[in-house]
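Student: The structure under discussion is supplied below as structure tokens; questions concerning it will follow.
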Amino acid sequence: MRARSALPGAIAGTITAILTAGLGAPAAQAVPAPPAPAPAVTVGPGSAISIAKKENPDGTVDASRCTLGFIAVRPDGSRVGLIAGHCGTTGQRIGVPAAGKPNTIREIGRVANSSNPPTRVNPDTGKRGPADPSAPDWAVLEFRPNVTTTAGKGAVQPRSVGIARAGDRVCQQGVTTGWRCGVVIKADARQIATDIASRQGDSGGPLIRLSDGAALGIVSSILTGDPAVARTYYWTVSDSLARAGGLTLATVGPARI
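Note that my numbering numbers the sequence shown so that position 107 is 107, with each residue one more than the last.
Below, the structure is given as structure tokens:
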């Protein structure tokens, strides 16, 4: 997917925020009030996910912001999230924006497994991108027991795992750009390219085929060499599920024919 003449760019956004367990007040409060029950958290395709990268002396964390791709099911029946591997490494904590608390992330789980593709800094732009365009780019998120998952969310209603083909009409969901549609330019068993424009924060987001609701890929990188050309690259859902340990996709219903 990322083997091309122009340099690819990773598109995980970055933020600095407070990471909480969802109960009680920040640690800076001298006499904390009794913790109130935290509101329920539901995540699904297209949800904003923050991955804690570094804890700072002031109690905040530097985090990357990505988009949840799909919900998958392990052989034991437990549900997990599927996202881009460059969003986080195995063991890192994950969270969602805390309602009513700016710059605060509510912790909801961790990165259970990640392909952790190698990256490098482009000397011309100073931006970090994939070092090996062919490296797998997927990760599995493990959620806390009090987190509810939904197979479909908003416009993303996956009905099956599909194989992308050139010319397919497709749409993706990203926390930065929202719902955008376009056409598959090229595809193989592992990687897909479309003419959709993406931005930082869209990494990991779901790609759906319009004709049958098939889940095709998760946002991996963008073409940065020519700003006039919209091009987003994806790691396929089928390859991600297989590499992640034989996961199956959580769907909203039977496939459309």
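For every residue, glycine included, the Cβ atom is placed at its ideal position computed from N, Cα and C.
Please classify S238: does DSSP put it in a helix, a strand, or coil?
Tutor: Helix, per DSSP.
Student: Could you tell me which residues DSSP pairs with A139 in its beta bridges?
Tutor: BP columns for A139 point to I83, S114.
Student: Could you tell me how far apart the beta carbons of A112 and T251 are, in whole angstroms, since I believe they sit closer than 8 Å?
Tutor: About 21 Å; that fails the 8 Å criterion.
Student: Where in the region 188-228 do unbroken runs of the beta strand (DSSP E), each at least 3 residues long, occur, reported from the N-terminal end onward?
Tutor: With a minimum length of 3 residues, the continuous beta strand (DSSP E) runs that stay inside the region 188-228 are 191-194, 206-209, 214-223.
Student: Kindly indicate which three-state DSSP category V73 falls into: helix, strand or coil?
Tutor: Three-state result, V73: strand.
Student: How far does the beta strand (DSSP E) with Q92 in it extend, from its first residue to its last?
Tutor: Looking at the DSSP string, Q92 is not in any beta strand (DSSP E), and its letter there is neither H nor E.
Student: Counting Cβ pairs, one atom from each stretch, are 3 or more of them under 8 Å apart for the region 87-101 and the region 235-246?
Tutor: Cβ pair count under 8 Å is below three, so no.
Student: Hey, how far is the Cα of R165 from the Cα of V147?
Tutor: So the two alpha carbons sit approximately 35 Å from each other.
Student: Under 8 Å between the Cβ atoms of G201 and T176?
Tutor: The answer is yes: Cβ separation under 8 Å.
Student: Which same chain residues end up closer than 7 Å to A98 when comparing Cβ atoms and leaving out the 5 residues on each side of it in sequence?
Tutor: If we look at A98 and ignore the five residues flanking it on each side, its Cβ neighbours are T20, T104, I105, R106.
Student: Buried or exposed for S134, going by 16 or more other Cβ atoms inside 10 Å?
Tutor: With fewer than 16 Cβ atoms within 10 Å of its Cβ, S134 is classed as exposed.
Student: Leaving out the 5 sequence neighbours to the left and right, which residues in its chain are closer than 6 Å to R199 when beta-carbon positions are compared?
Tutor: Correct list, in chain order: T176, T177.
Student: For S220 and L207, what's the separation of their Cα atoms in angstroms?
Tutor: Those two C-alpha atoms are separated by around 11 Å.
Student: Name the two residues that bound the continuous beta strand (DSSP E) containing V170.
Tutor: First-last of the beta strand (DSSP E) with V170: 169-174.
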